[in-house]
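Peer 1:
Numbering (my numbering), first residue to last: 232 to 468.
1. Using 8 Å as the cut-off, can you tell me whether the segment 405-412 makes contact with the segment 439-450, which would need three or more C-beta pairs spanning the two stretches below that distance?
2. Just to confirm my understanding: we take residue 360, look at its own chain, exclude 5 residues before and 5 after, and list those with CB closer than 7 Å. What are they?
3. Since residue 487 is in the alpha helix (DSSP H), which residue starts that stretch and which ends it?
4. Short of 6 Å in beta carbon distance, which residues of its chain neighbour residue 358, apart from the five on each side in sequence? Order them along the chain.
5. Check whether the segment 284-291 touches the segment 318-327, taking contact to mean three or more Cβ pairs, one atom from each stretch, closer than 8 Å.
6. Please state whether the Cβ-Cβ distance between residue 368 and residue 430 is less than 9 Å.
7. Distance, Cα to Cα, residue 268 vs residue 350?
8. Check this for me: beta carbons of residue 315 and residue 309, under 9 Å apart or not?
9. Can you check whether the CB of residue 467 is closer than 9 Å to the CB of residue 362?
10. Reducing DSSP to helix, strand and coil, say where residue 336 ends up.
11. Is the beta carbon of residue 457 closer than 9 Å to that of residue 297?
12. Could you give the DSSP three-state label for residue 396: helix, strand or coil?
13. Looking only at DSSP bridge pairs, what is residue 343 linked to?
14. Roughly how many angstroms lie between the CA atoms of residue 240 and residue 272, to the nearest whole one?
15. What is the DSSP secondary structure of residue 289, counted as helix, strand or coil?
16. Between residue 295 and residue 329, how many whole angstroms is the CB-CB distance? I'm expecting something under 8 Å.
Put into C-alpha cells, the structure is as follows:
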C-alpha cells in the first residue's frame, strides 16, 4: 500500500470534497496518529496511520452512490436545528455514512444524489465540470420568447450573470396565466432556477429536478431511492 496525500485519503473516506478537506486540514481540524497537522503535503499510509477529523476516527468505507426521488417538504441537510424532516430520514436503512451531493430546497422535488465519495461529490457539484442539471418549472406567468432568450443567454442574479442555459417552453396557458418550462443548467447555485425565473418576472409554483447528467428518477417512486450502477458512476466521473 502506497502513501497518499491526506486530503485525498479524507475525500476517499467520504469526509467531504477534496477542496473542503484541504480547508479542514489548514484549519487544524485533523490529527494523524494523535498529532495535529496543518500541512497539505502530509501523506498517510491507509490501514496503518490513524486519522481523526474533529475528534472522530475515519477509515475507508465502501463507496456508495445513491439516487433519491425527493418529495416536497424535506430539507437537504444531515440534521436540522428546527427539527424539520430532512432527506436523511428517507435513507434510514442505509448503513454507510453518506451526505447529499448538492442541495434541493424544501419546496423542490426530484433527483437528489448522495455519496461518501468526495471526488464524486466534487465532480457533480463544481461548475467547472459542467455536469448538467435538468429541471421542470411550473410558473405563474407566461414568458415571451424574448424572456426565454434571456435565460438562454444568462440573467443577472445575486450580482452575477448566470451561464448560458438550455430552455424550452413545454406548455403555456394564457387563460390561467400558467406555463411549464424545461431548463438545463450546469451551475446549481443556491435556488438558482427560482431566481432565474424571478429575474424575468415569473413566480415559481412548482419545481422538480428531472435529471443530473444522464441520470433520471425513472422507475424510482417519490420518497424512495436506489443505488447507482458502476456504469452510471463511471459516466458521471
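Each residue gets a CB set at the ideal place from its N, CA and C atoms; glycine is no exception. Nothing here was measured: the structure is a model prediction, and the numbers come from that model.
Peer 2: Here's the rundown:
1. The segment 405-412, when compared against the segment 439-450, does not touch it at the 8 Å Cβ threshold.
2. Taking the chain shown and counting its residues from 1, one reaches residue 360 at position 129. The beta carbon of residue 360 sits closer than 7 Å to the beta carbons of 354 from its chain, once the five residues preceding and following it are set aside; these are given in chain order.
3. Past the edges of the chain, shown from 232 to 468, lies residue 487, and the structure says nothing about it.
4. Here residue 358 refers to the residue found at position 127 when the chain shown is read from its first residue. Once the five neighbours on either side are set aside, the close Cβ partners of residue 358 are 418.
5. Contact between the segment 284-291 and the segment 318-327 is absent, because fewer than three Cβ pairs lie under 8 Å.
6. For the purposes of this step, residue 368 is taken as the residue at position 137 of the chain shown. For the purposes of this step, residue 430 is taken as the residue at position 199 of the chain shown. Result no, Cβ atoms of residue 368 and residue 430 do not sit closer than 9 Å.
7. As a working mapping, residue 268 is identified with position 37 in the chain shown. As a working mapping, residue 350 is identified with position 119 in the chain shown. Residue 268 and residue 350 have their alpha carbons spaced roughly 22 Å apart.
8. Counted from its first residue, the chain shown places residue 315 at position 84. Counted from its first residue, the chain shown places residue 309 at position 78. Remark: C-beta atoms of residue 315 and residue 309 do not approach each other more closely than 9 Å.
9. On the chain shown, position 131 is the one that residue 362 refers to. On the chain shown, position 236 is the one that residue 467 refers to. Against a cut-off of 9 Å, the Cβ pair of residue 467 and residue 362 comes out as a contact.
10. Position 105 of the chain shown, counted from the first residue, corresponds to residue 336. The answer is coil: DSSP assigns residue 336 none of H, G, I, E or B.
11. The residue labelled residue 297 in the question sits at position 66 within the chain shown. The residue labelled residue 457 in the question sits at position 226 within the chain shown. Using a Cβ distance threshold of 9 Å, residue 297 and residue 457 count as a contacting pair.
12. Within the chain shown, residue 396 is the residue found at index 165, counting from 1. For residue 396, the secondary structure class from DSSP, reduced to helix, strand or coil, is coil.
13. As a working mapping, residue 343 is identified with position 112 in the chain shown. In the DSSP assignment, residue 343 is bridged to 299.
14. For the purposes of this step, residue 240 is identified with residue 9 of the chain shown, where counting begins at 1. For the purposes of this step, residue 272 is identified with residue 41 of the chain shown, where counting begins at 1. Each residue's Cα considered, the two are about 12 Å apart.
15. By one-based count along the chain shown, residue 289 stands at place 58. Correct three-state label for residue 289: strand.
16. What you label residue 295 is simply residue 64 of the chain shown in a count that begins at 1. What you label residue 329 is simply residue 98 of the chain shown in a count that begins at 1. About 6 Å; that satisfies the 8 Å criterion.
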